[in-house]
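Okay, so here's the structure we're looking at.
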Amino acid sequence: MSASRTIQSLAGRVAAPTSRLQAVRCYSALARAARVSATPAVARPATRSATAVPARTLKTLEFGGSKETVWERADFPKEKLQQVFAKDTMAVLGYGPQGRGQSLNMRDNGLKVIIGTRKDGRSWKKAVEDGWVPGKDLFPIEEACAQGTVIMNLLSDAAQGPLWPVVKKHLTPGKTLYFSHGFSVVYKDDTKIVPPKDIDVVLAAPKGSGFTVRRLFQDGKGINSSIAVFQDASGHARERIAALGIAIGSGYLYETTFPKEVYSDLVGERGVLMGAIQGLFQAQYEVLRAHGHSPSEAFNETVEEATQSLYPLIGEKGMDWMYSNCSTTAQRGALDWKKPFYQVSKPVFQKLYEEVLNGNEARRSITKNGAENYREELEKELAEINNSEMWQAGKTVRSLRPENQ
Ligand SMILES: NC(=O)c1ccc[n+]([C@@H]2O[C@H](COP(=O)([O-])OP(=O)(O)OC[C@H]3O[C@@H](n4cnc5c(N)ncnc54)[C@H](OP(=O)(O)O)[C@@H]3O)[C@@H](O)[C@H]2O)c1
Numbered sequence: 001m002s003a004s005r006t007i008q009s010l011a012g013r014v015a016a017p018t019s020r021l022q023a024v025r026c027y028s029a030l031a032r033a034a035r036v037s038a039t040p041a042v043a044r045p046a047t048r049s050a051t052a053v054p055a056r057t058l059k060t061l062e063f064g065g066s067k068e069t070v071w072e073r074a075d076f077p078k079e080k081l082q083q084v085f086a087k088d089t090m091a092v093l094g095y096g097p098q099g100r101g102q103s104l105n106m107r108d109n110g111l112k113v114i115i116g117t118r119k120d121g122r123s124w125k126k127a128v129e130d131g132w133v134p135g136k137d138l139f140p141i142e143e144a145c146a147q148g149t150v151i152m153n154l155l156s157d158a159a160q161g162p163l164w165p166v167v168k169k170h171l172t173p174g175k176t177l178y179f180s181h182g183f184s185v186v187y188k189d190d191t192k193i194v195p196p197k198d199i200d201v202v203l204a205a206p207k208g209s210g211f212t213v214r215r216l217f218q219d220g221k222g223i224n225s226s227i228a229v230f231q232d233a234s235g236h237a238r239e240r241i242a243a244l245g246i247a248i249g250s251g252y253l254y255e256t257t258f259p260k261e262v263y264s265d266l267v268g269e270r271g272v273l274m275g276a277i278q279g280l281f282q283a284q285y286e287v288l289r290a291h292g293h294s295p296s297e298a299f300n301e302t303v304e305e306a307t308q309s310l311y312p313l314i315g316e317k318g319m320d321w322m323y324s325n326c327s328t329t330a331q332r333g334a335l336d337w338k339k340p341f342y343q344v345s346k347p348v349f350q351k352l353y354e355e356v357l358n359g360n361e362a363r364r365s366i367t368k369n370g371a372e373n374y375r376e377e378l379e380k381e382l383a384e385i386n387n388s389e390m391w392q393a394g395k396t397v398r399s400l401r402p403e404n405q
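All letters in the sequence shown, in the order written, are residues 1 to 405 by the UniProt record's numbering.
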């Protein structure tokens with residue numbers, strides 16, 4: 001999160017891009033602003049069938065004082081992606097939000113993509129609606145594994161363990177196993193996923209839902225993703241996962257490891273990104289309502305102003321800039337009250353990190369989401385949120401936005 005924040009705050013110093021070309025130029029300006037240093041990439045000789053990625057220079061930027069290497073879309077134009085994966089068939093397993101977004105983006109980038117999902121399930125039907133053709137580029141999971149050279153495991157994390165014997169059977173030397181989460185490999189004691197030694201094992205993890213992966217790509221933008229190498233049998237795994245990270249639609253890529261990706265990701269979604277935000281919204285809304293404020297007032301002061309006015313400002317130029325564009329009354333209060341909120345929430349985040357690290361969170365997720373009726377159960381809990389007064393009020397508030405009338 002800190003990396004993307006720094007990029008965004010740097011972005012504030014250059015004009016917002018309005019076209020793809022401008023976006024590229026904008027990134028160049030960013031690079032200059034962040035004192036770019038270029039180091040030649042070190043390519044090891046090929047030992048397997050994976051195609052080598054043409055040599056490039058690695059770009060090192062400063063992120064709040066720390067140096068990190070990044071890869072950008074400009075490093076891998078469409079033609080280069082097609083060259084890198086010329087001999088590959090990308091077999092995307094699963095057609096949930098990530099499977100859908102990543103496969104459609106790769107297809108638009110001119111790569112050979114096939115989908116593997118359970119026949120006639122919900123995902124299968126969705127894939128057919130999107131134009132994938134059964135027997136041509138849509139197959140049952142095992143058939144897709146047999147045909148693919150890059151097996152992109154985008155099944156739900158809970159399904160990856162039970163389906164591992166099917167996938168493993170087709171992981172012959174020279175193939176690549178890809179994930180968008182370090183989950184299955186890191187929590188191997190629970191998932192039993194231990195890849196064979198003679199294949200590359202890599203990940204590219206988009207920092208957002210698959211829906212956004214697709215939408216940003218279609219808008220000529222790109223999601224930020226992390227990339228990591230778990231096993232490098234080909235000698236080209238690092239460069240190939242960088243190319244693949246861009247092929248799925250990312251804008252820029254930062255490097256991590258499988259364990260760091262999974263720990264930060266599980267903490268993030270349980271914390272500020274999803275769990276904490278609903279908890280905070282609900283707590284403030286309920287206090288306002290208990291003091292006699294109308295649903296309209298409570299919702300506007302809790303959610304609507306946040307998502308429609310202030311959070312986009314944070315995204316654009318950072319927290320201090322959002323503060324400085326609010327009244328001095330608001331600034332004084334926010335500066336004073338951020339401390340008690342920080343003090344009560346930090347121990348909760350520490351506890352959350354421990355629960356992620358000791359595997360409890362992963363086990364809970366595998367058990368709950370591995371159940372036969374996992375979707376119905378999730379939908380029941382989501383319906384509770386949807387039916388709450390706060391989010392029902394939100395529907396009415398959203399309907400009143402001029403653009404929705
Ligand atoms: N923020 C994000 O959403 C995000 C970001 C980065 C990475 N990821 C990672 O991307 C991967 C995919 O996640 P997702 O968001 O696309 O969706 P998901 O809901 O986790 O996975 C959905 C897919 O898994 C399939 N599936 C579930 N149980 C199955 C079973 N028993 N047998 C066969 N298929 C089964 C579903 O098929 P059916 O429709 O037939 O049930 C569907 O195609 C995960 O590793 C996730 O951690 C997610």
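A virtual CB, placed ideally from N, CA and C, is assigned to each residue, including glycine.
Enumerated in chain order, which unbroken segments of the alpha helix (DSSP H) with a length of 4 residues or greater are wholly contained in the stretch 136–207?
-> 141–147, 157–160, 164–168, 183–186 and 188–191
By Cβ distance, which residues of its chain are closer than 7 angstroms to residue 258, with the 5 residues on each side in sequence left out?
-> Start at 1 with the first residue of the sequence shown, and residue 258 comes out as number 258. Excluding positions up to five away in sequence, the list reads 182, 185, 186, 203, 228 and 230.
Cβ distance (whole Å) where residue 251 is taken to contact residue 221 below 8 angstroms = Your numbering for residue 251 matches position 251 in the sequence shown. Your numbering for residue 221 matches position 221 in the sequence shown. Indeed they touch by this definition, with Cβ atoms about 6 angstroms apart.
Quick one: what's residue 63 bridged to in DSSP?
-> Start at 1 with the first residue of the sequence shown, and residue 63 comes out as number 63. According to DSSP, which records beta bridges pairwise, residue 63 is partnered with 66.
Whether residue 71 touches residue 333 by CB criterion (9 angstroms) = If you number the sequence shown from 1, residue 71 lands on position 71. If you number the sequence shown from 1, residue 333 lands on position 333. Going by C-beta atoms, residue 71 is not nearer than 9 angstroms to residue 333.
Helix, strand or coil at residue 414 according to DSSP, with G and I counted as helix = What the structure shows of the chain is the stretch from 1 to 405, and residue 414 is not part of that stretch, so it cannot be assessed.
What is the residue span of the beta strand (DSSP E) that residue 251 lies within?
-> Start at 1 with the first residue of the sequence shown, and residue 251 comes out as number 251. Start and end: 250–255.
Exposed or buried, residue 327, counting other C-beta atoms within 10 Å across all chains shown (16 or more means buried)?
-> Here residue 327 is taken as the residue at index 327 of the sequence shown, counted from 1. Counting Cβ neighbours within 10 Å, residue 327 comes out exposed, since fewer than 16 surround it.
Given that a residue counts as buried once 16 or more other Cβ atoms are within 10 Å of its Cβ, and exposed if not, what is residue 291?
-> Walking along the sequence shown from the start, residue 291 turns up at place 291. With fewer than 16 other Cβ atoms within 10 Å, it is exposed.
For residue 319, which three-state DSSP category applies?
-> Taking the sequence shown and counting its residues from 1, the one referred to as residue 319 is at position 319. Here residue 319 sits in helix by DSSP.
Quick one: Cα of residue 234 to Cα of residue 189, how far?
-> In the sequence shown, the residue the question calls residue 234 occupies position 234. In the sequence shown, the residue the question calls residue 189 occupies position 189. Residue 234 and residue 189: Cα-Cα distance of roughly 26 angstroms.
Residue 171 and residue 151: beta carbons closer than 9 angstroms?
-> Taking the first residue of the sequence shown as 1, we reach residue 171 at position 171. Taking the first residue of the sequence shown as 1, we reach residue 151 at position 151. Result yes, Cβ atoms of residue 171 and residue 151 sit closer than 9 angstroms.
Strand pairing of residue 369, partner residues [DSSP] | Position 369 of the sequence shown holds residue 369. DSSP output for residue 369 lists no bridge partner at all.
Measure the alpha-carbon distance for residue 380 versus residue 74 and round it to whole angstroms.
-> On the sequence shown, residue 380 is found 380 positions in, with the first residue counted as 1. On the sequence shown, residue 74 is found 74 positions in, with the first residue counted as 1. Rounded to whole angstroms, residue 380 to residue 74 spans 44 angstroms at the Cα level.
Environment of residue 287 [buried if 16+ CB atoms lie within 10 Å] = Within the sequence shown, the letter at position 287 stands for residue 287. Residue 287 counts as exposed, since fewer than 16 other C-beta atoms from the protein chains shown sit within 10 angstroms of its C-beta.
The stretch 112–125 in contact with the stretch 57–68 per 3-pair CB rule at 8 angstroms = no
Can we count residue 122 as close to ligand 1, meaning its CB is less than 8 angstroms from some heavy atom?
-> Position 122 of the sequence shown, counted from the first residue, corresponds to residue 122. Yes, since a heavy atom of ligand 1 falls inside the 8 angstroms radius drawn around the Cβ of residue 122.
Just checking my contact of residue 176 with residue 149 at CB under 8 angstroms: how many whole Å lie between their CB atoms?
-> Counted from its first residue, the sequence shown places residue 176 at position 176. Counted from its first residue, the sequence shown places residue 149 at position 149. Confirmed, Cβ separation roughly 7 angstroms.
Determine the DSSP secondary structure at residue 356, reduced to helix, strand or coil.
-> Sequence index remark: in the sequence shown, residue 356 carries index 356 (1-based). The answer is helix: DSSP assigns residue 356 an H, G or I state.
Would you check if the distance between the CB atom of residue 213 and the CB atom of residue 82 is smaller than 9 angstroms?
-> Here residue 213 refers to the residue found at position 213 of the sequence shown. Here residue 82 refers to the residue found at position 82 of the sequence shown. No, Cβ-Cβ distance for residue 213 and residue 82 is not below 9 angstroms.
Keeping to the same chain, check which residues put their C-beta closer than 6 angstroms to that of residue 101; ignore five residues upstream and five downstream.
-> Translated into positions along the sequence shown, residue 101 becomes position 101. Same-chain partners within the cutoff: 210, 213 and 214.
Is the CB-CB distance between residue 162 and residue 370 below 9 angstroms?
-> Counting from one through the sequence shown, the residue named residue 162 turns up at place 162. Counting from one through the sequence shown, the residue named residue 370 turns up at place 370. Contact flag set, yes.
Between the Cα of residue 195 and the Cα atoms of 180, 218 and 169, which residue gives the shortest distance?
-> What you label residue 195 is simply residue 195 of the sequence shown in a count that begins at 1. Comparing Cα positions, the closest option is 169.
Taking all protein chains shown into account, decide if residue 135 is buried (16 or more other Cβ within 10 angstroms of its Cβ) or exposed.
-> In the sequence shown, the residue the question calls residue 135 occupies position 135. Exposed, by the Cβ-count rule.
Residue 310 versus residue 261: straight-line alpha-carbon distance, rounded | Against the sequence shown, residue 310 aligns to sequence position 310. Against the sequence shown, residue 261 aligns to sequence position 261. Looking at the two C-alpha atoms, the distance is approximately 28 angstroms.
Determine the closest residue to residue 402 out of 308, 85 and 359, with distance taken between C-alpha atoms.
-> Residue numbering aside, residue 402 sits at position 402 when the sequence shown is read from its first letter. It is 308.
Should residue 138 be counted as a contact of ligand 1 given a C-beta to heavy atom distance under 8 angstroms?
-> Working through the sequence shown from its first residue, we reach residue 138 at position 138. No heavy atom of ligand 1 is found nearer than 8 angstroms to the CB of residue 138.
Over the uninterrupted alpha helix (DSSP H) stretch that includes residue 224, give me the two end residues.
-> Locating residue 224 in the sequence shown gives position 224, counting from the first residue. Going by DSSP, residue 224 is part of no alpha helix (DSSP H) but of the beta strand (DSSP E) stretching over 223–231.
Cβ of residue 158 within 9 angstroms of Cβ of residue 353?
-> To locate residue 158, count along the sequence shown from 1; it is residue 158. To locate residue 353, count along the sequence shown from 1; it is residue 353. Not in contact: residue 158 and residue 353 (Cβ atoms no closer than 9 angstroms).
Drop a sphere of 10 angstroms on the beta-carbon of residue 20, count the other beta-carbons inside from all chains shown, and report buried for 16 or more, exposed for fewer.
-> On the sequence shown, position 20 is the one that residue 20 refers to. Below a pLDDT of 50, predicted positions are generally treated as unreliable, and residue 20, at 35, falls in that range; the measurement from the model is reported next regardless. Exposed, since its Cβ has fewer than 16 Cβ neighbours within 10 Å.
Per DSSP, which residues does residue 71 bridge with? Please list them.
-> In the sequence shown, residue 71 corresponds to position 71, counting from 1. 253.
Expected contact under 8 angstroms - CB spacing of residue 217 and residue 390 to nearest Å | Sequence index remark: in the sequence shown, residue 217 carries index 217 (1-based). Sequence index remark: in the sequence shown, residue 390 carries index 390 (1-based). Taking C-beta atoms under 8 angstroms as the contact rule, residue 217 and residue 390 fail to qualify, at a distance of about 32 angstroms.
In three-state DSSP terms, what is residue 116?
-> Walking along the sequence shown from the start, residue 116 turns up at place 116. It is a strand residue.
In its own chain, which residues sit with a C-beta less than 6 angstroms from the C-beta of residue 112, not counting the 5 before and 5 after it?
-> Position 112 of the sequence shown holds residue 112. These residues qualify, in order along the chain: 89.
Please confirm whether any heavy atom of ligand 1 lies closer than 8 angstroms to the CB of residue 209.
-> As a first step, residue 209 is located in the sequence shown; it is residue number 209 there, counting from the start. Flag set: Cβ of residue 209 near ligand 1.
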